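The sequence shown lines up with residues 381 to 859 when you count with our numbering. Glycine included, every Cβ here is placed at the ideal spot set by N, Cα and C. Given the structure is predicted, the values throughout are model-derived calculations rather than measurements. The next block holds one structure in the form of structure tokens; read it before the comments.
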Amino acid sequence: MFLNLRNIVDEIATGHCTEIDIWDKLVHYFTEYWDGDDHIFQQVLNLSRRQLGEQTQTINDTPAFFTALENNFSDKNDLLEFLINLTGYLNYHTELGSVNVKQHLKDCRENIRRVKRECIRRGIFRDNNFVGREVQIAKIKDEIENGNTKGILVCGLGGMGKTSLVNTVCYELRSDKWKTVKIELREQKSYRHFLRTTINKFKELRGFSSGKVTNVVNEETDEILVEESILQQKLLNYSRRQLGNGDTTSKKQILVFDNIDDVTSNPEEKTKLLAFFKTLLEMIQSSQNCMMRIIITSRDNFLLTTGNYLVNCLVRVEVTSLDRDNAYKLVTMCTKQSNLEIKQIRVIVRACGACPLALRVICDAVNIDPHIDQLIKFLEKRTESISTPVLSMTDCLNQPFINLGNYKYTLCKLSLFGTSKFSLKSAAAIDHNELEEDDRNKSIRLGDLKITLLLFKSRHLIEIENDIGDKCNTEKVAK
């Protein structure tokens with residue numbers, strides 16, 4: 381008996397289907413259609429070749445196809461996004477043409493998100509691949525809920541999971557009515573850029589009254605300093621108004637200033653930024669019963685150096701390598717289909733220095749590599765050839781990069797966008813060097829690019845929003 385896709389979607393919405401059941405039913409649903417239609421199944425394999433590589437040559441049925449996808453996507457949300465884009469690209473309909481599969485999968489995605497939001501509200505949701513950090517989580521939560529300093533510095537080397545740690549804490553605190561405003565500062569090179577980005581974020585979320593702040597055309601030094609002074613005054617005035625409003629200060633809210641390192645790389649800009657944080661934190665501390673909190677993520681523990689005057693304003697939480705047990709656990713979770721032996725896991729952990737991002741990157745490389753033993757031997761040899769057991773992040777990222785083939789050129793082209801918002805349509809045109817094309821080709825190019833972006837994301841080569849199937853604009857960070 382054929383399953384009904386709408387019923388599957390509805391079961392998620394009503395809570396009658398667990399997340400495991402969801403995937404089992406989706407695999408069952410597609411198996412009923414694809415295993416009986418060689419033409420459509422071959423189209424699916426052809427479109428999946430960039431994601432699965434040589435594995436497509438040994439895939440003979442739908443269950444094997446989904447097993448291969450699970451090997452490549454450590455995040456089921458990315459797998460679902462891939463299916464949405466794949467079926468949309470094919471304009472795929474089932475049940476005698478009455479069911480638009482892409483639209484139903486989008487409904488499925490929204491229902492899964494709704495269920496997860498409810499779990500978050502009840503305090504039971506957590507990133508499936510987040511392990512360890514219990515001590516740091518407890519310290520941050522205690523400081524946010526009971527501390528007097530109002531500010532937290534989360535510091536540690538790149539790839540240790542500072543942002544993931546903060547995200548996890550903020551998700552868990554949502555069940556206690558804490559709201560989070562996250563300001564992404566990666567590639568913000570100056571204090572002026574920091575001010576502009578922060579003001580625009582507040583304007584976007586809270587109706588900042590001073591209008592959108594744009595770049596100053598004249599880049600003369602005096603003009604830059606004037607703009608910087610104006611921006612700083614606007615932001616401080618806005619903060620004073622918010623802190624003087626009893627309704628606002630009584631609300632539980634967390635301001636996260638994520639990745640400040642590009643601003644603080646310049647000593648002069650760093651001095652101005654830390655002075656701003658000191659002023660802001662002192663304003664919060666002086667506001668009676670204020671429930672606003674500040675979290676800063678940085679590779680640099682500036683409390684020990686140039687920012688030592690902030691020791692009474694910020695509590696330090698340092699994020700280091702995972703302990704051995706949690707590192708082994710993370711590798712096992714991220715390579716479920718590969719069935720690695722304990723000695724192979726030990727090699728991976730040692731090679732990566734138990735750095736969470738490095739472990740995930742290498743695990744994804746293991747999942748897509750048809751010759752796992754050779755990759756493990758390479759890691760072991762590479763580790764023995766250097767003075768420290770920790771591979772650089774460049775070495776780790778090189779493993780998935782070398783398997784991209786011609787898509788390396790696409791990644792290089794897209795890196796022109798950096799961290800700025802960009803148009804998928806423009807990116808597709810740039811990728812194919814075509815400025816004008818008919819609607820049919822434009823749609824094909826767009827669908828092709830969406831799938832390619834998910835390929836890059838699953839290799840940890842870029843960071844993208846998960847809604848790329850629905851938006852013409854998104855944010856992407858090239859690493």
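**Study point:** Cβ-Cβ separation, S667 to L616 (assumed contact under 8 Å), whole Å
**Key:** Along the sequence shown, read from residue 1 onward, the residue named residue 616 stands at position 236. Along the sequence shown, read from residue 1 onward, the residue named residue 667 stands at position 287. The pair is not a contact, with the Cβ atoms about 14 Å apart (cut-off 8 Å).
Practice item. State the start and end residues of the unbroken alpha helix (DSSP H) segment that holds G468. Key: Within the sequence shown, numbered from 1, the residue matching residue 468 stands at position 88. Here the alpha helix (DSSP H) through G468 covers K456 to L470.
Point to revise | Beta-carbon contacts of I610 that lie in its chain and below 7 Å, excluding the five residues immediately before and after | key: Counted from its first residue, the sequence shown places residue 610 at position 230. Excluding residues within five positions, none has a Cβ falling inside 7 Å.
Review point. Can you find at least 3 beta carbon pairs, one from the stretch 551-567 and one from the stretch 721-738, that sit closer than 8 Å?
Key: no
Review point. Taking Cβ to Cβ, would you say L463 is nearer than 7 Å to L485?
Key: By one-based count along the sequence shown, residue 463 stands at place 83. By one-based count along the sequence shown, residue 485 stands at place 105. Against a cut-off of 7 Å, the Cβ pair of L485 and L463 comes out as a contact.
**Study point:** Spatial distance of N387 from R429 (CA atoms)
**Key:** Along the sequence shown, read from residue 1 onward, the residue named residue 387 stands at position 7. Along the sequence shown, read from residue 1 onward, the residue named residue 429 stands at position 49. Rounded to whole angstroms, N387 to R429 spans 31 Å at the Cα level.
Practice item. Select from R679, Q717 and L661 the residue whose C-alpha is nearest the C-alpha of A444. Key: Looking up residue 444 in the sequence shown gives position 64. That would be Q717, whose Cα lies nearest to the Cα of A444.
Review point. What's the call for V746, buried or exposed, on a 16-neighbour Cβ count within 10 Å?
Key: Your numbering for residue 746 matches position 366 in the sequence shown. Classification for V746: buried.
**Study point:** Spatial neighbours of C535 in its chain, beta-carbon cut-off 6 Å, leaving aside the 5 residues before and after
**Key:** Taking the first residue of the sequence shown as 1, we reach residue 535 at position 155. Answer for C535: S678, N681 and E698, listed in chain order.
Review point. Among residues of its own chain, excluding the 5 on either side of D390, which ones have a beta-carbon nearer than 6 Å to its beta-carbon?
Key: Position 10 of the sequence shown, counted from the start, is the residue given in the question as residue 390. So no residue of the chain qualifies.
Review point. Since D638 is in the beta strand (DSSP E), which residue starts that stretch and which ends it?
Key: As a first step, residue 638 is located in the sequence shown; it is residue number 258 there, counting from the start. Start and end: Q633 to D638.
Review point. CB-CB under 7 Å to T715, same chain, minus the five flanking residues each way: which ones, in chain order?
Key: In the sequence shown, residue 715 corresponds to position 335, counting from 1. Cβ neighbours of T715 beyond the five flanking positions: C743, V746 and N747.
Check your understanding: Cα-Cα, which of S645, I664, L710 and K805 is closest to S630?
Key -> For the purposes of this step, residue 630 is identified with residue 250 of the sequence shown, where counting begins at 1. It is I664 whose Cα lies nearest to the Cα of S630.
Exercise for review: Assign H473 to one of three DSSP states: helix, strand, or coil.
Suggested key: Walking along the sequence shown from the start, residue 473 turns up at place 93. Three-state result, H473: strand.
Check your understanding: Over what stretch of residues does the beta strand (DSSP E) that includes I675 continue unbroken?
Key -> Numbered from its first residue, the sequence shown carries residue 675 at position 295. Element bounds for I675: M672 to S678.
Exercise for review: With a threshold of 16 other CB atoms inside 10 Å of the CB of R673, please say whether the residue is buried or exposed.
Suggested key: Here the question's residue 673 lines up with position 293 in the sequence shown. Buried, because 16 or more other Cβ atoms sit within 10 Å of the Cβ of R673.
Review point. Do V407 and F453 have their C-beta atoms closer together than 7 Å?
Key: In the sequence shown, counting from the first residue as 1, residue 407 sits at position 27. In the sequence shown, counting from the first residue as 1, residue 453 sits at position 73. The answer is no: Cβ separation not under 7 Å.
Point to revise | F510 versus A738: straight-line alpha-carbon distance, rounded | key: The residue given as residue 510 occupies position 130 in the sequence shown. The residue given as residue 738 occupies position 358 in the sequence shown. One C-alpha to the other measures close to 14 Å.
Review point. Based on Cα-Cα distance, which residue from L553, T474 and E450 lies nearest to G416?
Key: Within the sequence shown, numbered from 1, the residue matching residue 416 stands at position 36. Ranking the options by Cα distance to G416, first place goes to T474.
Check your understanding: What's the C-alpha gap between N688 and K658?
Key -> Here residue 688 corresponds to residue number 308 of the sequence shown, with the count starting at 1. Here residue 658 corresponds to residue number 278 of the sequence shown, with the count starting at 1. Rounded to whole angstroms, N688 to K658 spans 11 Å at the Cα level.
Exercise for review: Look up E567 in the DSSP assignment and say whether it is helix, strand or coil.
Suggested key: Taking the first residue of the sequence shown as position 1, residue 567 is located at position 187. Note: E567 maps to coil in three-state DSSP.
Review point. Where M540 and L533 are concerned, what is the direct C-alpha to C-alpha distance, given to the nearest angstrom?
Key: Residue mapping note: residue 540 aligns to position 160 of the sequence shown, counting from 1. Residue mapping note: residue 533 aligns to position 153 of the sequence shown, counting from 1. When rounded, the distance between both Cα atoms is 14 Å.
Practice item. Note down the Cα distance separating E760 from I728, rounded to an integer number of angstroms. Key: Here residue 760 refers to the residue found at position 380 of the sequence shown. Here residue 728 refers to the residue found at position 348 of the sequence shown. Cα to Cα, E760 sits roughly 8 Å from I728.
Practice item. State the DSSP-derived secondary structure class of T790, mapped to helix, strand or coil. Key: On the sequence shown, residue 790 is found 410 positions in, with the first residue counted as 1. Correct three-state label for T790: helix.
Review point. Alpha carbon to alpha carbon, how far is L385 from T543?
Key: Within the sequence shown, residue 385 is the residue found at index 5, counting from 1. Within the sequence shown, residue 543 is the residue found at index 163, counting from 1. Rounded to whole angstroms, L385 to T543 spans 36 Å at the Cα level.
Exercise for review: Starting from the Cα of I579, find the closest Cα among E608, E552, R554 and E412 and give me that residue.
Suggested key: The residue given as residue 579 occupies position 199 in the sequence shown. Here the closest residue by C-alpha is E608.
Point to revise | Of the residues T686, C670, Y413 and K632, the one placed nearest A655, counting alpha carbons only | key: As a first step, residue 655 must be located in the sequence shown, where it is residue number 275. Measuring from the Cα of A655, the nearest candidate turns out to be T686.
**Study point:** Run of the alpha helix (DSSP H) containing C732, from where it starts to where it stops
**Key:** For the purposes of this step, residue 732 is taken as residue 352 along the sequence shown, with counting starting at 1. From DSSP, the alpha helix (DSSP H) with C732 extends over I722 to C732.
Point to revise | Alpha-carbon spacing of L575 relative to Q612, whole angstroms | key: In the sequence shown, counting from the first residue as 1, residue 575 sits at position 195. In the sequence shown, counting from the first residue as 1, residue 612 sits at position 232. Cα to Cα, L575 sits roughly 6 Å from Q612.
Review point. Would you report the Cα separation of T700 and C735, rounded to the nearest angstrom?
Key: For the purposes of this step, residue 700 is taken as the residue at position 320 of the sequence shown. For the purposes of this step, residue 735 is taken as the residue at position 355 of the sequence shown. Rounded to whole angstroms, T700 to C735 spans 8 Å at the Cα level.
Exercise for review: Determine the DSSP secondary structure at I439, reduced to helix, strand or coil.
Suggested key: Counting from 1 along the sequence shown, the entry for residue 439 is found at position 59. Coil, per DSSP.
Review point. For G531, which residues of its own chain have a beta-carbon under 6 Å away from its beta-carbon, when the five flanking residues on both sides are left out?
Key: Along the sequence shown, read from residue 1 onward, the residue named residue 531 stands at position 151. L661, I674, C693 and L694.
Review point. For K805, does the three-state DSSP call read helix, strand or coil?
Key: Your numbering for residue 805 matches position 425 in the sequence shown. Three-state DSSP puts K805 in a helix.
Practice item. For V561, write down the residues that DSSP places opposite it in a beta bridge. Key: Residue numbering aside, residue 561 sits at position 181 when the sequence shown is read from its first letter. Partner(s): L635.
Check your understanding: With a CB to CB cut of under 6 Å and the five nearest residues on each side skipped, what residues in its chain are close to V421?
Key -> Locating residue 421 in the sequence shown gives position 41, counting from the first residue. The sequence shown places Phe at residue 421, rather than the Val named in the question. Here the set comprises W414.
**Study point:** Assumed close pair G468, K482 - CB separation to whole angstroms, cut-off 8 Å
**Key:** Here residue 468 refers to the residue found at position 88 when the sequence shown is read from its first residue. Here residue 482 refers to the residue found at position 102 when the sequence shown is read from its first residue. Going by Cβ atoms, the distance from G468 to K482 rounds to 4 Å, so yes, they are a contact pair.
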